[in-house]
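Oh and the sequence shown: position 173 is 170 in my numbering, straight run, nothing missing. The beta-carbon is built from N, C-alpha and C at its ideal position, and this holds for glycine as well. On a predicted model such as this, the values are computed, not experimentally measured, just so you know. Accompanying notes for the structure given below.
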Amino acid sequence: MKKEIDYDRKQEELTWLENLQRNSWEPEVIISGITLAFLFVFPAKIYEFSVYLIQEVGIGYLGSLMILFYLTTIVSVFKIFFVVHLCLRFVWAGLLGLSYAYPKGVINRNLFKMSQDYSYQKPADMVLKLEKTCSTTFAYPVSLILLFLIITIYLGLLIGFYLWFNLNFFIIYVIIMISLVIFSVLMLSKKKTRFKVWYVQSMLSSISAIYQSNLGKWTAVVYAVLIFAFAVPLIISDTQDFSMFRNDRAIAEKEIEWPAKYLHFATDHEIGFRYPRAFIPSEEINDDYLRLGIARYEGDGKIIEELNSDFKKVLDSLAWRPLRETADLHRIYIDEVPIEIASWSKHRIGVPKQKIYQTGIDISHLEEGTHTLRVEKLLLHYGFVDNYAELISIEQWDQFEFIKR
């Protein structure tokens, strides 16, 4: 009696699974559509999050860049996956309608004579073939989701240790490299270790093995490589101008020659984004008073005490103003004439509540026309391997033109 119950239950489960497989297109389309809607919003949030880590948390540029590229790569890859899947489902729906309208397919005698002697696929056969392709395309990202989830948790823990113990980023780099070497040795070893047995039996490895054994060992690999290759343009687009948030470098010649107005002028600025360096209300100033803003970087606060103690003589030789707060690390020039800043005020602006310093500059003496505003900045540059500090003066930390009316 118990065997009959188990058999009936087994049959019910198989029937349920078969029905679910036959109607899998419905959840596939719904999941792909909803996921894509979110994925097209995420890049801006990831960009903002990476900038937040630099300006508000004090993570170095390399760490934030790594996070930005990693998360943007994940989003871009899944965009490609789900766009391809929806396109295939679009074609599948067309073939499904064709199979309903003309179930017999091609009627050879009604074709032009040159085409009558060939065999053509039936609509139903094409629907079934494409159905398999659609389901395979949709299922492939599942293995990547698990892989990315594991890597994300691991990197999150490393970044947490980096912040908590104020480590040198070189140490994090070494830990990542050692982890990769250990994992590679464990996986490439011919010895049947417990770790290898556990990994092979995991869902991640099983899904990968299913694809390799059914599609071919290299087909699955080439497919994944192509998806990543197609994602490269999206990654480049989603990380554009991020280098402007690298606080310890001068702006490049191309950034001076072709400046991004939305990074310097509030009237052109995109809502929800942060300013990387200096900015003013608009490109055209119709007043004798210029309101200048400077983005604040949390990491700058860590060097003020060291500058005032270990580099006091150098600061005196540069005739630099006393360093009381991070705003004092900047010198302002208009048309290469140094501007004396009486004081800086602190504010939070915009949707991200960005911390900035602000000051007013009297420009009543300037003639009408184009003028150049330049910002020079003092910073300490630390070695990638050691913590040896070197004082650097970034003469072109920022530079752009404005028009006095």
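Check: With DSSP as the reference, label Glu250 as helix, strand or coil.; Outcome: helix
Check: I'd like the list of long-range same chain contacts for Ile391, defined as Cβ closer than 6 Å, with 5 residues on each side in sequence excluded.; Outcome: Ala247 and Lys374
Check: Three-state secondary structure (DSSP) at His327?; Outcome: strand
Check: Say whether the region 72 to 84 touches the region 133 to 143, bearing in mind that this needs 3 or more beta-carbon pairs closer than 8 Å, one atom from each stretch.; Outcome: yes
Check: Relative to the C-alpha of Ser234, which candidate in Ile31, Phe66, Gly30 and Tyr58 has its C-alpha closest?; Outcome: Phe66
Check: Just checking my contact of Ile282 with Phe399 at CB under 8 Å: how many whole Å lie between their CB atoms?; Outcome: 6 Å
Check: Measuring CA to CA, which of Ser240, Phe308, Val88 and Phe158 is closest to Val26?; Outcome: Val88
Check: Within a Cβ cutoff of 8 Å, which residues of the same chain sit near Lys258, ignoring the five residues on either side of it in sequence?; Outcome: Asp265 and Glu280
Check: Report yes if the CB atom of Phe239 is closer than 8 Å to the CB atom of Val74, and no otherwise.; Outcome: no
Check: If you scan the region 198 to 261 from start to end, which runs of the beta strand (DSSP E) of 3 or more residues do you find wholly inside it?; Outcome: none
Check: Within its chain, find whatever has a CB closer than 6 Å to the CB of Asn328; leave out the 5 residues flanking it on each side and keep chain order.; Outcome: This sequence places Arg at residue 328; Asn is not what is there. Cβ neighbours of Arg328 beyond the five flanking positions: Glu373.
Check: What's the call for Ala275, buried or exposed, on a 16-neighbour Cβ count within 10 Å?; Outcome: buried
Check: Based on Cα-Cα distance, which residue from Tyr272, Asp332 and Tyr379 lies nearest to Ile346?; Outcome: Tyr272
Check: According to DSSP, is Thr446 helix, strand or coil?; Outcome: The structure shown does not extend to residue 446, since the chain is modelled only from -2 through 402, so no value can be given for it.
Check: Would you give the residue range spanned by the alpha helix (DSSP H) that Tyr49 belongs to?; Outcome: Phe39 to Tyr49
Check: Taking Ile71 as part of the alpha helix (DSSP H), name the residues at either end of that continuous run.; Outcome: Tyr58 to Ala98
Check: Can you tell me whether DSSP reads Glu281 as helix, strand or coil?; Outcome: strand
Check: Where does Trp195 sit, in a helix, a strand or coil, going by DSSP?; Outcome: helix
Check: Grouping DSSP H, G and I as helix and E and B as strand, with all else coil, what is Arg318?; Outcome: coil
Check: Near His344, which residues of its chain fall below 6 Å by C-beta distance, leaving aside the five closest residues on each side in sequence?; Outcome: Ile353 and Gln355
Check: Please say whether Leu260 and Met241 have beta carbons closer to each other than 8 Å?; Outcome: yes
Check: According to DSSP, simplified to helix, strand and coil, what is Glu373?; Outcome: strand
Check: Once the 5 residues before and after Val103 are set aside, which same chain residues still bring their CB inside 7 Å of it?; Outcome: Tyr117
Check: Got a sec, what are the start and stop residues for the beta strand (DSSP E) Val178 sits in?; Outcome: Per DSSP, Val178 belongs to no beta strand (DSSP E); it is in the alpha helix (DSSP H), Phe166 to Leu185.
Check: For Val48, does the count of other Cβ atoms within 10 angstroms reach 16, so buried, or fall short, so exposed?; Outcome: buried
Check: Does the beta-carbon of Gly269 have 16 or more other beta-carbons within 10 angstroms, so that it is buried, or is it exposed?; Outcome: exposed
Check: Please state the DSSP three-state secondary structure of Lys401.; Outcome: strand
Check: Check whether the Cβ atoms of Gly57 and Phe166 lie closer than 8 Å to each other.; Outcome: yes
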